[in-house]
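Working notes, structure below.
In the numbering used here, the protein residues as written are 1 to 539.
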């Protein structure tokens, strides 16, 4: 294996090709909700099983409504659903051991399960799988005696900014028990043709040359890159490896500048993506919602990020700040996108930088009970404390769903499963009020795609490649562009974000949208240090 290190000039920079991605694999089957905290995983498994056993009957009840065999608003439906659920639980001792439910003498329905704030559904990783999307090859790699955090930390070094000599030193510094594993791992990646070497590493300098201080670069979906002087803050990175989900080169971790910090807003996979985070440097701080803001359940970010190799996880409670020279990033309460009202801790973020404010409102909106950043006075207080918002980034999704189909349905009262719940229901009138309260100069519609490389099977991704499908998804939604007319009277502009748009400050405190041309295209970024990819070279 020592000969492996001789395959590269020790002074050359070594990194993963952007058409390679790596996924950790569990040593045992994961539970239904990995990293959900506040409840014993065994209890969660029982709740999930009870919901699954009910699903066929629920589907029949839904079919009855669509077949006009039953009314849409059936006052007895909830009671029938609750009683059927209780019957299922009573018939299975392993379920009734954790779930307390049944009809009381006064007719009310009791349903609860034990909570434990110290329990979390953590994962145990025993290996990983590397994929080469060009060669259409995958290869497993086991590391039973090496913790996933050590492997994750090493993967974070494969971003093209470290030399082969530095990587060898890092492997050896991990200790004799792990150095051999990391070297074998690199040998596997090399055999899979997932590594590329270069005498230079110019990405950081290129991003600095292509952007300006206080620019916001939209990377697609909800991913934002904020330039603060000569450093970058990264928000909600959900990136795509080349040619994996789409036929065009896409943004991937090794094509970005090194972030000074990563900010995660909430627990959905398109905002907390382990596959993307695995590619990131592991010595940078990751800012996440704090367990101080939890109701009963929470997402266990520290466990997830520790397993990926991160060493600096900062839980930011609402109102707390991550300071930097000239300003801070403030944690702002996140409401909604929660059809079952689980109320796990979530954050929006305000970047306040030398008198200019940018708000990443993400998917936040009114809850089923009508609570929101507007109704609770959050936006009003933000403006009072920090001043008007120059650029407001918010989703325009208008999603409702039957609660039984929501991800966390089993954790909510069974009698509500046939109710419709908001799932990020952001009307134009709400967003206009939001922009007005924030005194925003520009509203940016994002977090619904915005890049052609996102897979089009995702219901919230509105792809220009698939106009008919988008029309099907949005047939009963308000036209997004109609928001423009509601914003105009208060002096706020409207822009639907497309990947690699740059939002740049203007001298009057406003925001202009700048096109980068091909400067920041994924293929351009790869060619900086490596020329044409092998699959594009003439034979």
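The beta-carbon is built from N, C-alpha and C at its ideal position, and this holds for glycine as well.
Between the alpha carbons of residue i and residue j, how many angstroms are there, rounded?
i	j	result
residue 438	residue 535	48 Å
residue 309	residue 303	10 Å
residue 519	residue 531	15 Å
residue 397	residue 176	51 Å
residue 502	residue 360	15 Å
residue 315	residue 322	10 Å
residue 276	residue 195	17 Å
residue 461	residue 430	21 Å
residue 368	residue 339	7 Å
residue 270	residue 225	16 Å
residue 497	residue 181	43 Å
residue 399	residue 467	18 Å
residue 43	residue 12	52 Å
residue 260	residue 514	23 Å
residue 211	residue 279	23 Å
residue 71	residue 57	16 Å
residue 227	residue 215	5 Å
residue 90	residue 306	39 Å
residue 528	residue 15	14 Å
residue 363	residue 155	30 Å
residue 204	residue 255	9 Å
residue 539	residue 459	Bear in mind that a pLDDT of 49 at residue 539, under 50, signals an unreliable position, so the number given afterwards is only what the model happens to contain. Going from the Cα of residue 539 to the Cα of residue 459 covers about 40 Å.
residue 376	residue 319	14 Å
residue 138	residue 475	39 Å
residue 222	residue 358	14 Å
residue 124	residue 151	13 Å
residue 234	residue 219	10 Å
residue 335	residue 40	25 Å
residue 291	residue 485	40 Å
State the start and end residues of the unbroken alpha helix (DSSP H) segment that holds residue i.
i	result
residue 428	428-438
residue 284	Counting along the chain, residue 284 falls outside any alpha helix (DSSP H), and DSSP gives it neither H nor E.
residue 55	41-66
residue 381	378-386
residue 207	203-210
residue 530	522-530
residue 220	First-last for residue 220: 216-220, but that is the beta strand (DSSP E), not the alpha helix (DSSP H).
residue 505	Counting along the chain, residue 505 falls outside any alpha helix (DSSP H), though it belongs to the beta strand (DSSP E) covering 502-505.
With the cut-off set at 8 Å, would you say residue i and residue j are in Cβ contact?
i	j	result
residue 129	residue 147	no
residue 344	residue 283	no
residue 161	residue 10	no
residue 351	residue 313	no
residue 197	residue 8	yes
residue 101	residue 86	yes
residue 494	residue 487	yes
residue 248	residue 5	no
residue 464	residue 456	no
residue 415	residue 81	yes
residue 391	residue 329	no
residue 380	residue 427	no
residue 251	residue 489	no
residue 365	residue 424	yes
residue 418	residue 77	yes
residue 243	residue 134	yes
In this structure, what does DSSP give as the bridge partners for residue i?
i	result
residue 321	330
residue 478	None; residue 478 has no bridge partner.
residue 304	Residue 304 is not bridged to any residue.
residue 111	101
residue 119	In DSSP, residue 119 forms no bridge with anything.
residue 262	234 and 286
residue 353	327 and 356
residue 299	36
residue 421	401
residue 347	333
residue 445	394 and 496
residue 248	For residue 248, which the question treats as bridged, DSSP gives no partner whatsoever.
Starting from residue i and walking both ways along the beta strand (DSSP E), at which residues does that stretch end?
i	result
residue 163	159-163
residue 21	20-26
residue 126	125-132
residue 391	391-394
residue 512	511-514
residue 540	With the chain running from 1 to 539 in the structure shown, residue 540 is simply not present.
residue 15	13-16
residue 196	195-198
residue 223	223-228
residue 155	Note, residue 155: premise wrong, no beta strand (DSSP E); alpha helix (DSSP H) at 148-156.
Tell me, please, whether the CB atom of residue i is closer than 8 Å to any CB atom in chain B?
i	result
residue 180	This model lacks chain B altogether; it includes just one protein chain.
With residue i and residue j assumed to form a contact (beta carbons below 8 Å), what rounded beta-carbon distance in angstroms separates them?
i	j	result
residue 119	residue 110	23 Å between Cβ atoms; not a contact.
residue 159	residue 253	7 Å
residue 409	residue 51	6 Å
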